[in-house]
Every structure is written in structure tokens, then in C-alpha cells.
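Residue numbers (the numbering used here), protein chains in the order written: chain A, 477 to 1427; chain B, 29 to 391.
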């Protein structure tokens, strides 16, 4: 895109003035207040127009309007431009900056309105560059402040590149945006650790608290319902208990009412029979009392005691007859028993010895026993084993040899003869028969050889078998010989040849030898036992003699006498031992006899009392009549008397009963009471089951039942009241579950909000960092290439290479002399400015996405530069103008002078703006050739509009 | 016979979306709605009042609400028939059991249809939910044991209506319309579905006081006239105390908060009760609209809730995507985010951050 000219219809100080621009570099020079900034703004606004309606930079627009509205044109504020697009089109664009209505872009070639292509409220030609108004201003337009930022701030270069890379220079850098987001996240979300106090943790804590509160609310609500149910049940239970109590009380009242009615009725009946008290009672009759006492005494008499067994006198006699306890032992003494036992043992041993048979005393030759045994062993020695198998092998080998040996040699001889004959026949007579014969002969030879060979083999096997069997045979032969020798010995000694019989004989002989020994030993033993017996007898006699048992011939008779004495003593002792129990029996018997005597006396006294009572009552007493009949008579007397007194007592009893029933009240009072009780009972019974009342009324323990029911009802009331009280306590301050749920919902929403914000920020950061890395990575080589191309020029060969760090777009240059790398921000201000311009151009072209070449508008970019830097900047700009349109606004005469010297004819242009301190409008003059100026009038006027538009 | 039928009052239900004070007001409104219903019943001189379940919320009902119900029914003096639903199911600890109802209140306690004679030849069969879920159907195997006209009062789900009822409804005690006829039920007075429906053999009155935004239809109480032949003629009466409005405010290029606030206030003007405003349309990229500002605007109107709907930011994302800048790359990448809401927020957050703005929480 190139701007051919700009027409300020009504813009700032301009009215219908035209600024012609070269396709290469145009320097618009002029003193202050010559309108350079106005032309700069007019050029930009001619392309972009003003934002229509609401927009972000209203402040910027307002500042523009204030600064560049026409001074004299009233409501009009218009500017136009002609653009040459790289696609070949020429566009006239009109901008109605005031009303923003009469704006239009026209394709001159086609004569067609192409405003729609670039419409953004109003036509915005920067859209042909892929930019917007803000981006165009930030990208295409370079002003003094931009240059100063690079010159003064070391990081200004990098920061501007980053800003441009992020937002085309209109907004923040990506790093600033990321930092802002990080900080915002820290403030608006915060950490999620336990100790954190940021919004996320607070929201989480609030939710936990709300949920805890909700759980408590639900729990208490459930508890309240539970308690309500319990209270309800307690109320029902209390009501039941009260009902039961009411029923019991009603039954009680019923009973009392009935009793009261009965009493009233009885009192009425008694009062009717006894209107006056009856006559006084007769005094007590002493005789009657006596009779009653006698009868009572007779009825309460003890039972006679029947004694059985011997009497006390008999027992006493028996006791007297018992002997005194004996002196001396009652049983044979142990010492004597031991002596007796010793005697017995000795005699028993002798008896046993006598019973044993006499052993055989025949002398026996013990040595013969061994010979017998040896002979028996020899006779029973086993034959060598293993021969059976060898015998069988030998038999088989012999059989085989017998069969193998037949005809071998004759066959050989015959075969040889036949073969020889065959040869002779073949030679002498005929070959064929001769050969046949020879073959046959050979066959016979072969057969004979085979047979002989077989016979030899069989003979060999026989020999082998015999050789193997030979040791066995020899052993067997020796065994036979030994056996025979043993048999001969046995025969000589007269022993049996059978080894078992011989062995038995040897055993018997051995037993016989042992028998002789035993006989001898037995004799000695007998003698010892006899001596022992004699000794025991003597000792026993002596001991018995010491106890008074004398005059006996032998110990046994003495012992018998001793035993008899002991037995007698025992008997005596047993008799005397009966004395003590007999005494006790005697004492008990004497006591019983005394008791029986006492009982009898009581009985006699009771009988005597009966007789006395009968006499006192005027009854005749027959001494022969027993007491029982006497009692019958006395009872009869009592009945007769009672009958006589009965009537009087009954009346008295009834009167007493009446008095008791009235109890100081009148009969009417009693009746009234009965009626009241009846009414009360009826009242209590109202609504109750009559059958139940009747069942309760017959309960024996009704009073106790009522008491128990009252206790139960009281307890049930207390329980119900307690539960109701607890229920009221629960109800007071019962949390509202719905409100608790709502608080949870609010807390959840808040947590979700913070979590959502965290997710959004995190995702944004992720994408921003990724985008930054990606764009920087793509942009870095572009920027580096752009600077690389001009670096030697702008640095005068001091630096030859340049790199741009994709991470942060830091520009580094390589010193040609040392080869060392330096960051561009550390270079001189002038070099930084030039590099910045190169980067701005590269960035601008990078940001232009439509293929068009963006022009470059520069405003007073050399204002703060020294001559050297100025020259460097101008040189770079001039070089850049070879590829894109460069429009430089400057008040600097040196710039104008440089333009006159350096700009090329035709493609470049120098425009000198006259001073506008004069009132008359002035027109810019321009020169297409540097250094040659057309004479400029004092007031330079712009080219006519028509010429301008046709230029 | 003239009956008044209502259902699904949901006393003491929570309002999760509302501010605490608003929620309390809405709950108080429900009580007032019941008062209106009973007053209407008295004015219309109905023979009985039928409540088809979900009268309150078992897990949340307060003692005060139970006492309110008891006193209200007692004061009405009319026969009141209560059929517990799945939210106010009948259990040993249910307020239905624990309250000392006045003699004019009849509570259906069985999970099988039980009869009450309304008049000679007219029987009302009612049933109760005895659990919060899995209640068996009432009508499938039911056959009346007497003649005359049979009406039903229950909390049940007509299967055919599930498709168009509000989402999240579970089929409690489901039934098909044909089962009513097979069961000999002349008309069923039902509850459970909040959307009102007047079918040939059943009636859903709808919830009489709004629970959510967006509840439309003629909801309220139904005055039903039962004719001698068992046919029923119905008339709906509005009894709601709460007013609920669900509005959309379309913003066209609003560039500052005053415009947004003005648009919202203009939309809400003349309306009372609870208002939910959904912002839609397009706003200028420079508009600093965040939740604090929305909260401030909400606070300027009584019960106002503002939410952001399909609200575009006014950025020319197509142009930004075409940039070779970090911004352009970022927007291109963010456009791949599947979740549309997250995508919107991320793009706006990134663009605002790149613009150096501080309102980085996108509403």
C-alpha cells in the first residue's frame, strides 16, 4: 500500500489542501506550527477513519477531535486519501470524521464502492493490511516517544517488540498479561493449602462449615422428630395409664357405692326392727364360765403318754448285773502274734518242702550233653544251596549236547567226499552234474561243520556248567561226610540219629544233672527250717509263760490257751461296755415315766374339773361316766343356756351393728352418702366399659391395684412431661434445615465460582504462555533477519550478526572485531534507534497478514538525535523506503537539508510546509529532487485539488 | 359434590438460588398460599379439600409449620383429606402421625387405596406413600368392593407424562391412564407432577406457589364439581402468593455498566416478586462487567437474580484469530476448547489481560 496523496478538506488548519507523497521516502519538513502533526494525523485518519459509536479508546478519539478538528469549518471535518494497493487497485477514500456517515472507499479503476471490504463502523483502510485502527497507529506510525523509549530505556527495545508481538503494540506484552493473571489468581483464588487464607480456601472452609451445620441441622431435625414420636408415645402411654387408673378408681368407687348402699339399706332395716336400744345384757354366769373352762380344759388336755420297752427298774437290774471291765489285753499281743507267725512260717516251709518230689540222684555226665548237642548240629547242618539252578543248567546243556553231537563228523566226511566226487565228475565227465554234486558236497560239509560247531558249543556249555557246579558238589560231599560221621558217633553212644531227638536227649541229661544238685540243696534247706521251727516254738512258750500261760507241752496248745483267755476278756469287756448306754436308756426311761405321770395328772385334773363344773352347773355326776360323755353333757347344758340367751344377744348385736353403721349420723345422712357415692361412681364410670369395671370390682387386690396404677400413671405423666420438656428444648433453637441447605448451596456456588475462576485463569495462562512461546519462536528469526540485513550498515561494520531470543525477543549482536555477543540494549543510543526502526519495520510487516506492504509514518523521530544518529536514522529510513513508502515529518532543518541532498528524484519527495503564523492559509511546496528547491513564495499554497487528484 | 383439589405445596422447601431473606419470604408465601387455598374452599363452600401429597418436606419441616398446618385445617372447619406423597411420606416419625389433627382432617395411612364415603354412592379412595421412594403402583390391581362413583386421591406418576414433565422427576407409584378405567376410578385427583394437566380421568393441579423460575401454565387449586354420573368439571384458580418472573435482557453493544443497569431496571420495571434476568446479546469489549457489578445491580432491585446467558463480548474474534500476534495465536488455541462457557471465559480473560485490564473475572 502506498499513499499517493492526502487531501485535508477540513482538518485542523487545513481547508481543501493536498499533500502529495512520494512512493519512496517523503520528508515533510516545516517549522513548528506548520501543520506537520496535523498532516500526520490527517494521513492516519484518512486511512483509518474515526471509530463510530462506542469503542474503547474514546479518550483517544476525543483527544484527536479536540486537536485536529477544523479550526474554521464548523461541523465539517473531512479528509481524503488516494491509495495504491499492492494488488493493483487505486482507492479513493473519503472520511467524514464528524458525522461518520459520508464515508466511502471507491475503487477508481472500477468506479465501485468498496467500503464494505474495510467497513468497521466507518471504512478503515488499515484492514487491507490486516490491521485495525489501533494496530495501524501502533504499528505503522512511529513517533518521537517511541524513539525516545528505545533511546532512553535499555529495555525499551525489547518491551516494544514484545508488545508488538503480543498485541500489535496496542496493549500489554504477553509477559505483562501473564504476570497480571498470576497476580490476579493469587488475589482472587489463592492457594488451596490448609493454612491459606485466599478466596479458594475460604470458600472451601465455608462450604465445610455449611455442610457441618447442615449435618447438625438434619441431625437435630431427625432428633426432634424422634423426640416428638417419643413424646407422642409417652403421651399415649400416659393417657393409657390414666385411663386404666380411671377405670380402677371407677371400679373402686363402684364398690364403695355399693357398700354404702348396702350399709344404708342394712341400717334402714335395723332401724326399723330396733327403733329403741334393746335391754341390757345379762351378766356373765360363773357356772357357765366354769363349764366353758372345763370343757376347754378337757379339749386341750394332753394326750396320754404310752410307754413301751423295759421299765426303769428292769433297766436298773440289768445294769447291776453287768460285769466290770476286764484287765489285760483283749486280743493276742502283737509280739506274741509275731512269734506265733514265725512258728507258723517255719512249719509251713517244712510242709512245702516235704511236698516237693525227690529229685533224681542218678549221676550224670554233663560233658556228654555238649557232645550230644554238637552231634545234633552236625546232623541238622543245611546242605549248600544254589546248586539246584546249576544242576538244571547242566542237565539242559547235556541234553543240548546230546542233540548237537549227532552226525556232525559223518556229514563232514560225506560232504567232503561228495564235493570231491563232484569235482571229479565236473572235470572228467560233465561239468553241470559235477558242479551240482560239488555244491551238494559243499553243502554237506557246511552242514557237518555247523553241526560240529554246534556240538562243540554244547560241549563247551556242558563243561562250563560242570565247572560251575563243581564247588557245590564238593561242599555237598563234605557235608555228607560230616553228617555220616555224626551219625556214626550217635550210633556208638546209643543216641538217636535224629537231630531233634538227640537234642531232646541232651536237654534231659542236662535236667538230670540239675536235679541232683537240687536234692542236695533241699536237704540242707530242711535242716535249716527245722532249726528255725524249734527256735520259734521255744520263744513263744517263753513269752506265753510270762503271761501266765504255763503247763503246756507245746507252743500251739499254749497259744490256744492264750487265745481263749483273750476271748474271755473280750467278752467281759463287751458286757461292761453296755453299762453307759444302759444308764442313758435308764435315765430317758425315768424321764418318760415322769412325763407320763405328769400328763396323767393333767388329764386327771381336767377330768376332775369336768366333774366339778358339772356339779356347779347342777348336773348329776356319775363316777362311772367317762369324761367324754361328761363333756357332751356339759355342751348340751351350754346350748340350752345359749338358746335361752340367744334372742337377747342377737338384738344387742343388731343394735350394735346399727350404731356402727350410723356412726353418729342419721339414717338420712347415711342414705345421702350412699346416693352421693352412687352418683360419684356413675360419674367416674362414664365412658368406661362396664364389663371391665365389673371385672375390676371383683379383684381381691383392687386397692393395691389402684395404688400400682396410680404410681404407673404418675410415672407415665412424669415421663411424658419430661419428654415434652425435652421436645421444647429441642424445638427452641432448632436450626432450619432449608436455610442450612441454602447456605450450603451458596457456599457450593461460591466454591464453584472460585474453582471456575481458577480453571479459567489456569487455562488462560497455559494458552497465553504457549502462544507467547509459539509467536516468539516464529517471530524471532524474522526480526533477526530484518536486522541482520542492515546491521553492518547501521553499525558501520561494528556488528555483523544478530540473534533474537525466542523466549523474550531480546536482540543480541555479535561484535565483528571480538566475536563477542552483546545485547542490543547495551549498544549506543543511536545504534539502538536504528535497530529499533529495523525491528519496527519487520514487526509491522510480520503483523500485516494480507500481503500488502505497510507504509511507515514517522513523526519527529530525529528530534532528539545528534547529527550522527540523525544521519544513521535517515540513512536506514531511506534504505527502507526502497521496499515500502516512508513518510517522515520533521521540523529539523537538517533533515530537510539531508532530504535535499539525499532523496532521489521521482520516487522520493521533499515537502516544505510554510509557517502558519500568517493568517492566510499556506500551501506546502514540494520538491521531487533533493537539494533543488523551487522558489518558494512566502505563503506556499498546495496544489490545486484537481491537479492533486489527477496526480 | 364440590371439591377443592391442590397438591405439591412443598412447605419448608429450600430455595438454593435465592438470598437467605428471599428464601424466607418465599417460604412464608407458601404458608399464605395455603391460607388462600383454605379461604377459597370456604368461600366456594366446597364439600371437602383434597391434598394430593408433598404438602411439606419431611426432612425439613419445622415444628412451627406443623402447628400452622394443624391450626389452619382446624380453623377451616371443612373436611380435609390428606394423601402423603414421596416428600412427606408417612412414617412413625412423620408430622402427619405426630400432629394432633382436628377431627375434620382425615389422613390416608395405607399404601393401598382405602375408602372414605363422601356421600351416598360416592367413595373417595386414598392412599399414602410410606417411604420416600419405590412405592408400588396404586391402581394396577385395584378393584372397588362396592358400587357407585369412585374417586381417587393419591400422589402418583402417570407414565405418559414423564416425557414432558420437568427433568429429574422419578416415577413414584407409576400408572397408566388405562389402569384408572380398568380400576373403576371415575376420576383421580393427583399430585407429584408440578406441570398442571387436566386429563379425562385425572387432574394434576400443579404446584400452587412457584418453586422455580420458568414455571408456566395455570397452576393453582382446582375446584372440581363431581356430577352424579361421576364426570368431573374443573375450574382452575390462581392462589399463588409468590410472583416469579423469568426475563431476558438483550444488550446491544453496551459499553458501560450504566447501560447494562439501565436495561435491567427497565426490564424489571413494574414487576414485583422474584425476577431472574438473563443477559444476552453483545456488549462492547471494553465493558467491565464482573460478578461484583452484577451483585450491585441485583441489590438495587428487591429479589433480583442476574445470570449471564449467551452474551457475546463484541470482540472481532475472526480478525483477532487472523493476527500473527500472541493474541491471535492465543485466540486460535482457545477456540479449540470444547466447553463453550469455558472457551468464552478463557478468551475474554486472555484478551482483557493483554489489554492490561483489571476486570479479569469474566461474568
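Don't be surprised by glycine CBs; every beta carbon is placed ideally from N, CA and C. In this text the structure is predicted, and so the values were computed from the model without any measurement.
Worksheet item: In the DSSP assignment, what residue or residues form a beta bridge with residue 1297 of chain A?
Response: A:1290
Worksheet entry | Residue-level contact to chain A via CB, residue 41 of chain B, 9 angstroms cutoff | yes
Fill in: Minimum Cβ-Cβ distance from residue 392 of chain B to chain A less than 9 angstroms
Since the displayed chain B opens at 29 and closes at 391, residue 392 of chain B lies outside it and no answer follows.
Discussion item. Let's see if you can read the secondary structure: which residues bound the alpha helix (DSSP H) around residue 1236 of chain A?
Written reply: Boundaries of the alpha helix (DSSP H) harbouring residue 1236 of chain A: 1213-1270, taken from the DSSP string.
Practice prompt. On a CA-only basis, which of B:130, B:80 and B:333 is nearest residue 180 of chain B? Give me that one, please.
Written response: Restricting attention to B:130, B:80 and B:333, the CA atom closest to the CA of residue 180 of chain B is found in B:80.
Fill in: Residue environment, residue 368 of chain B, which counts as buried when at least 16 other CB atoms sit within 10 Å
exposed
Fill in: Residue-level contact to chain B via CB, residue 1237 of chain A, 9 angstroms cutoff
yes
Fill in: Spatial distance of residue 1138 of chain A from residue 1146 of chain A (CA atoms)
7 angstroms
Worksheet item: Taking Cβ positions, are residue 855 of chain A and residue 959 of chain A nearer each other than 9 angstroms?
Response: yes
Discussion item. If the cut-off is 8 angstroms on Cβ atoms, which residues from the region 1203-1219 of chain A count as contacting chain B, listed in chain order?
Written reply: 1207, 1210, 1212, 1213, 1214, 1215, 1217, 1218 and 1219
Worksheet item: Under a Cβ-count criterion, where at least 16 other Cβ atoms within 10 Å of its own Cβ denotes burial, should residue 751 of chain A be classed as buried or exposed?
Response: exposed
Worksheet item: Residues bridged to residue 185 of chain B by DSSP?
Response: B:202.
Item to complete: Kindly provide the ranges of any alpha helix (DSSP H) runs that are 4 or more residues long and lie completely inside the region 716-793 of chain A, ordered along the chain.
Response: 762-775
Worksheet item: Using 8 angstroms as the threshold, is the region 101-108 of chain B in touch with the region 75-92 of chain B, meaning 3 or more CB pairs across them?
Response: yes
Discussion item. Relative to the C-alpha of residue 605 of chain A, which candidate in A:553, A:660, A:523 and A:634 has its C-alpha closest?
Written reply: Its Cα nearest to that of residue 605 of chain A, the residue A:523 stands out among A:553, A:660, A:523 and A:634.
Discussion item. Beta-carbon within less than 7 angstroms of residue 777 of chain A's beta-carbon, same chain only, minus the 5 sequence neighbours each way: which residues are those?
Written reply: 1078, 1079 and 1082
Practice prompt. Rank A:1258, A:1230, A:791 and A:1244 by C-alpha distance to the C-alpha of residue 681 of chain A and give the top, closest one.
Written response: Cα-wise, what sits closest to residue 681 of chain A is A:1230.
Discussion item. Within the continuous beta strand (DSSP E) that includes residue 143 of chain B, where are the two ends?
Written reply: 142-147
Worksheet entry | Per-residue contacts from residue 434 of chain A into chain B (C-beta, under 8 angstroms) | Here chain A has residues from 477 to 1427 only, and residue 434 of chain A is not among them.
Practice prompt. Using a cut-off of 7 angstroms between C-beta atoms, extract the partners of residue 634 of chain A located in chain B.
Written response: Listed by position along chain B, the residues whose Cβ is nearer than 7 angstroms to that of residue 634 of chain A form an empty set, because the closest Cβ is around 14 angstroms away.
Worksheet item: If you pair each beta-carbon of the region 480-498 of chain A with each one of the region 1338-1349 of chain A, do three or more pairs fall below 8 angstroms?
Response: Counting Cβ pairs under 8 angstroms, fewer than three are found: no touch.
Fill in: Touching by the beta-carbon criterion (3+ pairs, under 8 angstroms), the region 330-343 of chain B and the region 1196-1205 of chain A
Too few Cβ pairs lie closer than 8 angstroms, so no.
Worksheet item: Which residues bound the beta strand (DSSP E) around residue 303 of chain B?
Response: 302-311
Worksheet item: Which chain B residues sit within Cβ distance under 9 angstroms of residue 1272 of chain A?
Response: By Cβ distance, chain B contributes nothing, its closest Cβ being about 32 angstroms from residue 1272 of chain A, past 9 angstroms.
Practice prompt. Spell out whether any CB of chain D is found under 9 angstroms from the CB atom of residue 1329 of chain A.
Written response: Looking at the structure shown, chain D is missing, and the protein chains on hand are A and B.
Discussion item. Could you give the first and the last residue of the continuous beta strand (DSSP E) run that contains residue 1277 of chain A?
Written reply: 1275-1280
Worksheet entry | Member of A:678, A:697, A:794 and A:999 whose CA lies at the smallest distance from the CA of residue 123 of chain B | Nearest option by C-alpha distance: A:697.
Fill in: Unbroken alpha helix (DSSP H) run spanning residue 286 of chain B, endpoints
285-296
Worksheet item: Out of curiosity, what's the CA-to-CA distance linking residue 1216 of chain A and residue 47 of chain B?
Response: 12 angstroms
Discussion item. Going by beta-carbon coordinates alone, are residue 154 of chain B and residue 214 of chain B separated by less than 9 angstroms?
Written reply: no
Fill in: 8 angstroms CB neighbourhood of residue 919 of chain A in its chain, flanking five on each side removed
891
Worksheet item: According to DSSP, what are the bridge partners of residue 496 of chain A?
Response: A:481
Discussion item. Within 9 angstroms of any Cβ in chain B, is that where the Cβ of residue 660 of chain A sits?
Written reply: yes
Worksheet item: Does residue 702 of chain A get closer than 9 angstroms to chain B when you measure Cβ to Cβ?
Response: yes
Worksheet item: In or out: residue 917 of chain A buried (at least 16 other Cβ within 10 Å) or exposed?
Response: buried
Practice prompt. Please work out which residues of its chain come closer than 8 angstroms, Cβ to Cβ, to residue 508 of chain A, disregarding the five sequence neighbours upstream and downstream, and give them in chain order.
Written response: Result list for residue 508 of chain A: 1367, in chain order.
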